[in-house]
Amino acid sequence: MPVQLRSERSPCAGRRAAGASGCCVRREWDVAGGGEVAMADKISIVVNGKAVEVRKGVRLLDAVREAGASVPTLCRHKDLMPLGSCRLCLCEVECEGRTELVTACDYVVEGPLAVVTDSAEVVRHRKTLAELYLGRWPNVPAVKAIARRAGVSESRFVGEFTDPEPKSCILCGRCAAACEEFVLECIVGFAGRGMERHVAMPFHQVDPHCIGCTSCAHVCPTGAIEIVDDLNRPVDPRKIQSAGMRVNAELATLDKSQCRMREMGTLNILQVMDKYDLLPVHNFQYGCHPDAKKIYGTVFRDQYPPQGLADGCWPGCSMACAKTADGFELKTGPYKGQRVTVDGPEYETGGGCANMGCFDPHFVLEFNFYCDTYGIDTISASTVVAFVMEAFEAGIITTHDTGGLVLKFGACDETLEMLHQMARGKGFGVLVGQGVRWLKERWIEEGRGDPQFLRDIGMEAKGLEYSQYVSKESLAQQCGYTMAIKGPQHDEAWLIFMDMVNNQLPTFELKAEALYYFPLWRTWFGLMGLCKLLWNDVVPADNYKEKEPHKIPGHVRNYFKYFEGMTGIPLDEGKMLDQSARVYNLQRCMSYMLGKGTREADLPPYRAVGPVTAKEYESRAERYDKQLRELLGIDPTGMSTAEKMARLRAHREEQYGKTMDVVYRRRGWNRNGVPTLARLKELGIDLPEIVALVADAQEPEA
Ligand code: SF4
Ligand code: SF4
Ligand code: FES
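FYI, in my numbering the residues of the sequence shown are 24 to 725.
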């Protein structure tokens, strides 16, 4: 009989309880090929009498197909782990003097062997199987095709269990595997025994965890599954389904060898940032630290259950990047001694703790928990605390100001106390809670320290604290952060990967173009309510072949497909950019109205651009000296660090200014960073109310 699954809610309704998918025993992609873990060794095997070279660890089915042999399959699906349930792929294998029949789809080739795909024994078994299938499900097209191929037209096994439905379930198991491997759920599965075996949701009830993603229906070889109640009412459900299946398949097969989001969530990035000297340490002074490994994603995965499992912030999301720590015992604050569930940590929280010099995983979770509980953003909190710590170490503030707290880098207990003070509305924490801009202006006003130093190290722009990436060595990221309309927010941070990790923006022109395209692309995600992680965290295996690989065009097209399936409106890059640019320019006009949408507001603190202190310069002296030599033609030999820093600073600030000019032109803004009336008109948003916002900032045409 066909299987009818009812989904009670749309894919984006509500949060799934942490660790609720823990019932899944996940099988691993542990062999070479097809998105699996690559193995370097080649071995020689014999396929139907012909010697061929294959990768050690490859599945036998893939090996024989590569050698040109044809083997029937029913339960195998290219994006799922082999199930070995239909038995149709039987082959005869001779290995170490023993001959046996094996299912080729799940047989791993570990050493030399000889395989025959159509021996008399194999053919006999396949015929029997085909007859059995035909006897039970005579009208299912996939079964009829298998029978035809085996030369079977009638079955001896017709009887009371014969099911004449053409869309019957043939018990292959693909649907259950798809639910488990793609969406990390175990909602659909087998029930009953023997001839009563069938596919169902638990206890034959509508399972509220089913998100109606249709993965199970998509992989079903017979069309047995029908999803009812598609609450989103898309114009073209098939288009949506195929866009979603691409995501599911890539995550199931590629994530493990790329980001390991499903295992560690976004915290996997911390290790990468540390390696590439991009992890903020001690208020963005440095980009790595020997103790950073104590808070790598692997530590949380291994030490704090159920980290490592796929819980996910959206039920059924196949990336499942959100992680939790259950049963975590708090050491401080109003809930001291209680065991709680911590929602995190994400990369930015871990990065923020590195920025404060706090490399204790327990602190990371406690900080994470209390920030969430108090409604404080972990990014802003850690950036402002790191700023305070540097000011403390520089003697700008003392224990007299902090109420006795010794706020040096790495002061975990003091940081937590300050956080509790912020929440209680008492003590020094209250001042810290006002943010970097407020503190820096106050301290300058009070005549504490060197005002320029405070401006240089206060990591905020437009009043927003910097998120946790060191942008000093990436011109693209410096502009990406500071020129963002609402300031250096974390979802502007992907340029750092393109520029510094993947080296995809080597020229000035590419950087400038990226600063036009990517903020609009990011805005589009926001407008559509779509998650961006699926765009660039795991990339298609053949992305390197694309003309503009940094845009990950395959995924961009997939998002367009989703949009089209939902709305029925065709979309391409030009239309997407226009949709976004209308909103982006409106936002910029409003930002101007609020006094922030100008060139001055787009300027970063120097710490975001280059080394502020001599110690900072000297920590990367080799790199900076090289730049002086190669970019400026200056021989640094014999120059003082202060002189070298001044020359580097002048150069970097000039580069930043030049980039701003190019980007403003590309965006259709004037030299002060305000949208021109011509641009507003071009976008069709030259409404009198909007024009009035920026009328006084217009410049005469050059
Ligand atoms: S694969 Fe998707 S639609 Fe099918 S049972 Fe699982 S969650 Fe529901
Ligand atoms: S995928 Fe296989 S087991 Fe699941 S409903 Fe379809 S035929 Fe039955
Ligand atoms: S395809 Fe190998 S057992 Fe089904």
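Ideal placement from N, C-alpha and C gives every residue a C-beta, glycine not left out.
Check	Outcome
Which residue marks the beginning of the alpha helix (DSSP H) containing alanine 315, and which one marks its end?	Note, alanine 315: premise wrong, no alpha helix (DSSP H); not H, not E.
Compare the Cα-Cα distances from threonine 355 to each of Thr321, Phe392, Ser614, Gly456 and report the closest residue.	Phe392
I'd like to confirm the pairing. Which residues does DSSP put opposite isoleucine 68 in its beta bridges?	Val75
Report the rounded CA-to-CA distance for glycine 215 versus valine 181, giving the unit in angstroms.	21 Å
What residues in its chain sit with their C-beta under 7 Å from that of isoleucine 657, if we drop five residues either side in the sequence?	Leu651, Arg670
So is the beta-carbon of arginine 728 under 7 Å away from any non-hydrogen atom of ligand 3?	The structure shown has nothing for residue 728, since the chain only spans 24 to 725.
Out of Leu83, Arg88, Lys65, Phe226, point me to the one whose CA is closest to valine 77's CA.	Lys65
Taking the alpha-carbon positions, what's the threonine 364 to proline 303 distance?	27 Å
In terms of alpha-carbon separation, which member of Leu439, Ser614, Ile419 lies closest to isoleucine 508?	Ser614
In chain order, what residues of the same chain have a beta carbon less than 7 Å from the beta carbon of leucine 152, not counting five sequence neighbours either side?	Arg110, Leu111
Measuring CA to CA, which of Asn306, Ala434, Phe520 is closest to lysine 298?	Phe520
Just how far apart, CA to CA, sit proline 563 and serine 603?	25 Å
Using only the alpha-carbon positions, how far apart do methionine 589 and serine 238 sit?	17 Å
Cβ of glutamate 208 versus every heavy atom of ligand 1: is any distance shorter than 7 Å?	yes
Is cysteine 282 helix, strand or coil by DSSP?	coil
What number of angstroms, rounded off, separates the C-alpha of leucine 594 from the C-alpha of tryptophan 547?	12 Å
Measuring from the CB of cysteine 202, is there a heavy atom of ligand 1 at a distance below 7 Å?	yes
Can valine 322 and proline 384 be called in contact, C-beta distance under 8 Å?	yes
Would you identify the three-state DSSP class for tryptophan 692, choosing helix, strand or coil?	strand
With DSSP collapsed to three states, give me the class of alanine 484.	strand
Would you mind giving the Cβ-Cβ distance between alanine 137 and leucine 157, rounded to the nearest angstrom? I have them listed as a contact below 8 Å.	That pair is no contact at about 31 Å.
With contact counted as at least three CB pairs below 8 Å, one residue from each stretch, are the region 476-492 and the region 421-437 in contact?	no
For cysteine 192, tell me which candidate among Val222, Ala624, Leu518 has the shortest Cα-Cα distance.	Val222
Measure the Cβ-Cβ separation of glutamate 133 and lysine 167 and say whether it is below 8 Å.	no
Note down, in chain order, each residue of its chain lying with its Cβ closer than 7 Å to the Cβ of aspartate 395, except the 5 sequence neighbours on either side.	Asp366
Within its chain, find whatever has a CB closer than 6 Å to the CB of leucine 716; leave out the 5 residues flanking it on each side and keep chain order.	Cys612, Met616
On the three-state DSSP scale, how would you describe valine 714?	helix
Can you tell which of Gly320, Gly380, Leu388, Ser341 has its C-alpha closest to the C-alpha of aspartate 349?	Leu388
How long is the line joining the alpha carbons of glutamate 273 and cysteine 243, rounded to whole angstroms?	18 Å
Can you tell me which of the three DSSP states threonine 151 falls into?	helix
Helix or strand or just coil, what does DSSP make of glutamate 177?	coil
Near cysteine 336, what residues of its chain come up, given a Cβ to Cβ distance below 6 Å and the 5 sequence neighbours on each side ignored?	Ala345
Do tyrosine 687 and lysine 667 have their C-beta atoms closer together than 8 Å?	no
Quickly, what does DSSP pair glycine 212 with across the bridge? List them, please.	Ala223
Which class does glycine 350 belong to by DSSP, given the choice of helix, strand or coil?	strand
Do the CB positions of glycine 503 and glycine 486 come within less than 8 Å of each other?	no
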